[in-house]
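Structure first, then comments.
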Amino acid sequence: MKVLNFISSIFVPSKMVRFKNTFVLIPFFIFLLGSYLLALPYTVAFKKNSYEIMEQSSAYHFDLFKYVVDENDTRNAFTDEEKEQYNGENKQLIYENELTQMRLQIELKRVLPDETHSYEIGKEYIMKSVVPVLDNEGTIIDEDIYYIHLVMDIIDESKDEKLAYDIPERFDKLPNDEDDQFRHFLLVFYVDGFTYRGPKEVEGREASQYFNYRKISFDLSKGTDATYLSHFVIDMLTPYVETNYSFYSFIYIVILPFIITLLAWLIVRKGGALSTLKHFYNIGGIVSIPIILIFFVITWIPSLTRTGIMPYFPAAFLIYYLICIWLMNRRDSIE
């Protein structure tokens, strides 16, 4: 009976007022639990489809690796102009099948020494990617050419060596295309981590982030195509993406509702059933329960998970919260 009374209380605004003097940590833990629950559908969906999601995201550009040119693709073979521009000292054009000739191996969070000298330290190995441009109906209407710059900057730390590849000087100064788009992707491997930088307009280029290797074995020579390389990078980035989901969930479910309750207290505190910030926050925790449950259920719908409905939580909370406060104060004034 007590359980039924509690359930009815959290769904009936006029009965919520009984929780206004609850211990303040209880609503905080309700919000915190809600933050975890609403991030869960996203992290589960991401683990199942991480490659597809990251390849389709314009923020990462990992789809470029799907269209790297192989030496058998005569239609997209390197032109004389490309050979002149990208072949030379410390840079070399390579086809997709040439990746397997490099013995880039990573074990126990570190790059293993390359005893066979299958790649040169600090040298740019540049792959050409011909990406189809689709219209709204999915028909190919054009192609964009991108260049993926792969660098192994594996130095001997015991000899106090300096990094061989200077990103600002050698990558950032590459020119834009005629349409003012920057169509270059950089991936640099270091001894214990890597960095990458996707295509951006010159004005929007950001500093590269550094990511440490996880305990995942990798041997470039065992790959069959360029996606073997991009999938490894995605595997390395997965924990960071999941952390972002948790961070944004904390902002939307914990921080913003607190700000809403604080503003409500400042505006509505004069008179009525609720008077202190504790009252407003405690009721906010109770109000959030049905909204968290509704969002948690519908977020599992694949289309909604992909769309991302978490940002709508604060708006739903605000509307329901104001309704509940109004009903509580109205009832109090009548009584």
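Counted from 1, the sequence shown has number 10 at position 8 by our numbering; the numbering is strictly sequential.
Here a beta-carbon is modelled for each residue, glycine too, at the ideal position from N, C-alpha and C.
Can you tell which of the options has its C-alpha closest to the C-alpha of residue i?
i, options, result
"Phe196", "Leu165, Phe184 and Thr141", "Leu165"
"Ala47", "Ile293, Leu320 and Tyr247", "Tyr247"
"Ile236", "Phe31, Ser251, Phe220 and Lys224", "Phe220"
"Tyr314", "Glu83, His281, Ile253 and Met238", "Ile253"
"Arg199", "Val193, Gln107 and Leu188", "Leu188"
"Leu114", "Glu100, Asp155 and Leu66", "Asp155"
"Asp144", "Val132, Glu86, Leu152 and Ile55", "Val132"
"Tyr192", "His281, Ile147, Pro304 and Ile108", "Ile108"
"Val71", "Trp267, Ile128 and Leu239", "Ile128"
"Leu222", "Ile303, Leu176, Asp168 and Asp116", "Asp116"
"Ile147", "Ile55, Pro134, Leu276 and Glu86", "Pro134"
"Gln353", "Arg308, Met330 and Met312", "Nothing in the structure corresponds to residue 353, since the chain is present only between 3 and 337."
"Val243", "Ala61, Ile255, Pro29 and Phe319", "Ala61"
"Phe31", "Ile294, Tyr212 and Ser52", "Ile294"
"Met56", "Asn284, Leu306 and Ser232", "Ser232"
What residue range is occupied by the uninterrupted alpha helix (DSSP H) comprising residue i?
i, result
"Thr263", "Leu258 to Val270"
"Ser286", "The displayed chain sequence assigns Gly, not Ser, to residue 286. Segment Leu279 to Ile300, the alpha helix (DSSP H) holding Gly286."
"Gly36", "Leu27 to Lys50"
"Thr240", "Thr229 to Phe252"
"Ile169", "Ile169 to Arg172"
"Lys309", "Note that residue 309 is Thr in the sequence shown here, rather than Lys. First-last of the alpha helix (DSSP H) with Thr309: Pro304 to Thr309."
By the DSSP assignment, the beta strand (DSSP E) with residue i in it spans what residues?
i, result
"Lys93", "Lys93 to Leu95"
"Gln183", "That residue, Gln183, is in no beta strand (DSSP E); it is neither H nor E in DSSP."
"Asn214", "Gln211 to Asn214"
"Phe196", "Gly195 to Arg199"
What residues are listed by DSSP as bridge partners for residue i?
i, result
"Glu145", "Pro134"
"Leu152", "Tyr127 and Leu189"
"Val70", "Ser131"
"Phe220", "Ile108"
Run through the stretch 85-137 for me and flag every whole beta strand (DSSP E) of 3 or more residues, listed as ranges in chain order. 93-95, 107-109 and 126-136
Report yes or no: do three or more beta-carbon pairs, one from the stretch 66-78 and one from the stretch 27-41, lie closer than 8 Å? no
Per the contact definition of three or more C-beta pairs closer than 8 Å, is the stretch 132-148 in contact with the stretch 256-263? no
With a threshold of 8 Å, are at least 3 pairs of Cβ atoms found where one atom belongs to the stretch 120-129 and the other to the stretch 85-98? yes
Cβ contact check for the stretch 316-328 and the stretch 274-289: 3 or more pairs under 8 Å: yes
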